[in-house]
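Everything on this sheet refers to the single structure shown next.
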Ligand code: HEM
Ligand code: HEM
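Numbering (my numbering), first residue to last: 52 to 289.
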């Protein structure tokens with residue numbers, strides 16, 4: 052059996068790409084885009100998760116998200132190792148084959164991105180027992196190493212490849228599970244997938260922009276005479 056793909060595990064692999072992984076990514080990028088509204092809103096989201104009961108968070112992380120993602124990634128790499136690419140052949144350069152080949156490459160890139168991303172956020176936090184990474188340290192992280200912004204570039208590519216992989220996956224998933232059978236239904240989901248790819252990449256990039264320029268941040272309140280509101284009464288100011 053080892054070394055051979057199984058129908059059952061292939062179906063589980065397909066399902067774990069959408070639930071919970073795909074669902075997790077959509078909510079994750081959406082909530083990260085709160086960075087656009089500034090530090091208070093972004094940190095508010097982080098503190099909301101921290102305020103959840105510890106055992107519930109632990110179950111979500113290590114009982115649902117991590118096992119599903121690890122299984123999907125490992126079995127996905129196994130599928131890739133067995134597939135024989137033929138896109139380089141002149142007669143095979145049709146659109147569906149290009150999408151399919153790109154999905155495999157985006158899966159490989161997603162793998163490296165997620166190993167780095169999860170190791171430097173969640174895993175490091177668990178090991179060090181450190182607090183979650185708040186807004187203030189993201190711009191610094193993304194500008195690394197030494198102001199070259201290579202980490203930012205890696206993040207942009209990571210967001211784009213995960214979004215492409217997931218979006219194309221929706222199209223394939225619908226065919227695999229018999230949801231779209233006719234040609235016209237498949238063309239409609241192809242349009243949906245394109246929308247999901249563009250939309251998710253956009254949201255992810257906006258989130259990254261938010262750490263440098265929080266363009267949706269509410270302006271500071273000011274008193275009616277135009278001077279900034281004092282947070283403490285003047286009498287107790289040092
Ligand atoms: C805009 C880019 C992104 C930002 C700012 C970001 C931010 C974060 C942060 C702050 C954490 C730590 C959460 C914690 O310690 O509990 C995290 C973890 C994680 N991120 Fe991202 N992320 C981004 C993109 C992505 C993408 C594209 C994926 C793809 C699915 C992803 C998947 C994950 C996963 C699986 C975890 C670990 C979750 C856990 O352990 O609870 N992230 N991310
Ligand atoms: C971590 C690295 C990953 C690898 C190596 C990987 C690998 C793969 C491969 C090889 C396929 C095609 C399976 C086939 O043709 O039968 C696939 C499908 C899929 N993947 Fe991933 N993947 C990864 C991450 C992700 C992530 C982060 C998501 C969601 C955000 C995701 C969602 C999907 C979906 C929805 C499908 C379509 C399932 C289907 O064909 O029915 N994958 N993945």
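Even glycine gets a Cβ: it sits at the ideal position worked out from N, Cα and C.
- Along the chain, which unbroken stretches of the alpha helix (DSSP H) at least 4 residues long are found entirely within the region 208-280? 234-261
Could you tell me the boundaries of the alpha helix (DSSP H) in which residue 87 lies? Where residue 87 is concerned, there is no enclosing alpha helix (DSSP H), given that its DSSP letter is neither H nor E.
### Where residue 104 falls: helix, strand or coil (DSSP)
coil
Less than 7 Å between the CB of residue 161 and some heavy atom of ligand 2, yes or no?
yes
When the Cα atoms are used, what is the spatial distance from residue 66 to residue 260?
32 Å
Just the Cα atoms here: how many angstroms apart are residue 264 and residue 87? 7 Å
request  = Please classify residue 98: is it buried, with 16 or more other beta-carbons within 10 angstroms of its beta-carbon, or exposed?
outcome  = exposed
Can you tell me whether residue 243 sits near ligand 2, meaning its C-beta is under 7 Å from at least one heavy atom of the ligand? no
Does the Cβ of residue 138 have 16 or more other Cβ atoms within 10 Å, making it buried, or fewer, making it exposed? exposed
Can you tell me whether DSSP reads residue 195 as helix, strand or coil? coil
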